[in-house]
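Structure first, then comments.
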Amino acid sequence: MNATIGSVECRSLLADGSLLTVSATRRPRAGRAEVKCTAPGDGRLAERMQEVVRLARHTETRFDSRDQVVIGIDHAPAAGERDWELAVVLADRMVRGVWHGHGPVLANGWSDAWHLGRVDGHAVEVRALPDALLGGPGGLAHLGQLSGHPDPAAAVSTARAWFPLHAGGAADSLCWVEVGVYPLGGDAEDEECAIAVPGQDAARQLAVRQALAGARHFDGRTGKGGRWRTTVRFGEPAFQGRSFELALVLADRIARGREFLPRGRLIASGQSAAWHAGRVDTVEHLAPKCALLLREAAPGDRILLPQAWQAQLPAGFADGVRALGASLACVERIGII
Amino acid sequence: MLGLFKRTTPVADACELGRTAVALPVRSGCTVPPAFPVVIVDARGATRRAGAAASKHVELRDGELAYAFHPGPYTVDLLPFAGAPEIGLRTGFAIDAADPHASHQRFDLYLASEAGGRLGLDALAAAMEGALQRELADGGLELPPCATIDEWNAFRLGLNQLLYMRFGVSVDDCVPVDLAGTHDYAAMLAARALAVQAKAPAASPAPATAAAPAADAPALADARALRRLFLELPCLMCGLRLAALPACPELFHRQQALLQRLDLLSVGAGAMPTLALTAPGQALDASEQLRRVRHSRRATVSLDEAWALLARLKGVSPALLAPLYDECERIVANLEADCDGRRRASAEVAA
């Protein structure tokens, strides 16, 4: 019998500074339990691992009873330590193709409510490794956030969208922009003044405010004062240009519950001189951004580019994106059709 | 308690038919106006339409149930994504007259297996919304942000197929609408924040009162799920035979294997052990009963997925057939696992 279909690894940093490796494999189930966990010398730890995985699977819609996932860790963490939980959950998702991590994944986080997809926090400081996924507020607070979706149980609606950053070729990367909205209690404040962009300079703050105010005007709900207090965060502290605007505007629409949701991430590049009309204008660096998108796109992702790019897209780009399971559209304006 | 005021069936308000109710149960001896088709469900769950006389006098035999339904048209607002409450789809649909070519009418089957009494428009709309949200989350339908006109048309086609296959209704109109007037997301989030604050201090007194009326709810849910399995599995097999015409010998063998497994499942669904007994005269633990109910409920989820898959199989090009067969095998495997779990008296499985 061909025992192994696939195998992945996911790491987690322990309190004593050592790296824990979680490895997951998938094999035909053959009448066994859907998840099997092994931990060296500790039956109770294996039980907790299985419980965590089963609870976290409650947030998924698709269930496949044909596979058994076997998850093992290479050495046991100290008693009471729970930061490995997120790594186990992510390994279980990666081996079944539910989530696609890029490169080696280092994750630290624990939760008391995995069945709601919530990640409550992390204990270990991971400063040396900038790509680490850290659970809890400020990092990964909810499993749906991996693809930018708002938490269906939180009072703050937070959505992420990604945009390609061109930095001379080799250092090109996808950067996220996160919009969190919270209902304004009274009717006193102006919505535009209640947009905060911590950690960015005045020019960027102004650009963000103008784009959001314009795009919200496009909704056609004027008057009635402000509805939302808004916080905008960026994955990279410093970058040039305005091509983040389309991603920002769409993340804002998703956070406010006014846009269809993509299955995976939303990746967009575009700016506008007239957000109040919903128009999307062209941006620069077509070729390197398309090459980056082909490298980064994962199944379920939605890629939005300006209409002006439609005729100039590299040959085979659209087919390549579709073959990866993502969908592509060149849009002239935001909103429904 | 002399039973003086007991009625055998609650009196239905016929005026709500076509407005808030889609179908109402009809008692034997009633006369139904000719505009409303009548579906009769017999004791074994088979359905037939009452004859097309000028006005129908309903005469029922033992164990039979009759429903009169209004063919519509109805208009409902469906939310395609639970996370986006301010954008909806205004959907107009109707229930067509009986198709003379079909051996069974899907809407009649829906009434027989899931309605269980009055079928309100809100209940039907909620079921339709659930099916739509599930299919969008699974990727069977695509409705991405900034959908182009081609993507919208493909979505509409898929939606029509889905709702026809699952509920037997035909969609004649569907447009995106801004629901900000009725669904205020800001107010919902504020209510959520209040609920989170209120739950933290006092969480204990609530469950005691809530548990009392729900005591026989699991048994009822289990009975309904088994009824669905018993009635719908044969129709699913029939649909699979017609919809998924195999394109090559390999697919033909896979289809035969699937049909055989479904056949076994449907025989098994007709012979499920009683929920509360392990063996004749031996009661089963409450926790094991709940496990059985969980399995039967999950089996109905697989049934929903199977109907959605049949909708996708309609008119698919032969090149795309293989992944859909794989999906079909997944659903059948899930059904087998859950039916097996429902039958077993204890949870133990080898690691």
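These protein sequence lines are chains V and R, in that order. At position 145 of the first sequence the residue is numbered 1493 (my numbering), and the sequence of numbers has no breaks. At position 196 of the second sequence the residue is numbered 199 (my numbering), and the sequence of numbers has no breaks. Backbone N, C-alpha and C fix where the C-beta goes; we use that ideal spot for every residue, glycine too. None of the values given here were measured: they were computed from a predicted structure.
| Item | Value |
| --- | --- |
| Check whether the Cβ of V:S1459 lies closer than 8 Å to any Cβ atom in chain R. | no |
| Helix or strand or just coil, what does DSSP make of R:P37? | coil |
| Could you give the first and the last residue of the continuous beta strand (DSSP E) run that contains V:S1355? | 1354-1361 |
| Measure from the alpha carbon of R:L268 to the alpha carbon of each residue in R:A348, R:D45, R:R227, R:L234, then state which is nearest. | R:L234 |
| Quick one: what does DSSP say V:H1490 is sitting in, helix, strand or coil? | strand |
| Please specify which runs of the alpha helix (DSSP H), each continuous and at least 4 residues long, are wholly inside the segment 123-185 of chain R, giving them in chain order. | 124-141, 152-170 |
| Would you check if there are 3 or more beta carbon pairs closer than 8 Å linking the segment 1364-1380 of chain V to the segment 1430-1441 of chain V? | yes |
| Classify R:S320 as buried or exposed, calling it buried when 16 or more other Cβ atoms lie within 10 Å of its own Cβ. | exposed |
| Scan the segment 269-284 of chain R for residues whose Cβ lies nearer than 8 Å to a Cβ of chain V and list them as they occur along the chain. | none |
| With a threshold of 16 other CB atoms inside 10 Å of the CB of R:S31, please say whether the residue is buried or exposed. | exposed |
| Skipping 5 residues on each side, what residues in its chain have a beta carbon closer than 6 Å to that of V:G1457? | L1434, V1467, H1470, G1483 |
| I'd like the list of long-range same chain contacts for R:P249, defined as Cβ closer than 6 Å, with 5 residues on each side in sequence excluded. | F255, Q258 |
| Give every residue of the same chain whose Cβ lies closer than 8 Å to the Cβ of R:A100, excluding the five residues on either side of it in the sequence, and list them in chain order. | P40, P74 |
| Between the alpha carbons of R:M168 and V:G1391, how many angstroms are there, rounded? | 48 Å |
| With 9 Å as the C-beta to C-beta threshold (strictly closer), list the residues of the segment 1602-1616 of chain V near chain R in chain order. | I1602, R1604, G1605, R1606, E1607, F1608, L1609, P1610, R1611, L1614, A1616 |
| Apart from the five residues just before and just after V:H1448, which ones in its own chain have a Cβ nearer than 8 Å to its Cβ? | M1442, A1646, P1647 |
| May I have the straight-line CA-CA distance separating V:L1661 from V:A1509, to the nearest angstrom? | 22 Å |
| Applying a beta-carbon distance threshold of less than 9 Å, which residues of chain V neighbour R:G161? | Simply none; closest approach about 14 Å. |
| Does the separation of the CB atoms of V:D1629 and V:G1618 fall below 8 Å? | yes |
| Give the interface partners of R:C149 over in chain V, defined as CB-CB distance under 7 Å, in chain order. | L1652, A1677, V1679, I1682 |
| Could you tell me which residues DSSP puts in a beta bridge with R:T281? | Answer is none; R:T281 lacks a bridge partner. |
| Classify V:G1483 as helix, strand or coil using the three-state DSSP reduction. | strand |
| Which one of R:G271, R:L312, R:Q285 has the shortest CA to CA distance from R:A340? | R:G271 |
| If you compare alpha carbons, which of V:L1361, V:L1454, V:P1376 is closest to V:G1354? | V:P1376 |
| I want to verify the contact list: residues of chain R whose CB lies under 7 Å from the CB of V:A1503, in sequence order. | L192, R195, A196, V199 |
| Against chain R, with Cβ distances strictly below 8 Å, would V:T1409 count as a contact? | yes |
| Sort out for me which residues DSSP pairs V:L1614 with in a bridge. | V:R1650 |
| Quick check on R:C342: does DSSP put it in helix, strand or coil? | helix |
| Does V:R1414 have its Cβ less than 8 Å from a Cβ in chain R? | yes |
| Excluding the 5 residues flanking R:Q136 on each side, which residues of the same chain have their C-beta closer than 8 Å to its C-beta? | L82, P83, F84, A85 |
| Between which residues of its own chain and R:L112 is the CB-CB distance below 8 Å, once the five residues before and five after are set aside? | T50, G171, L234, E235, C238 |
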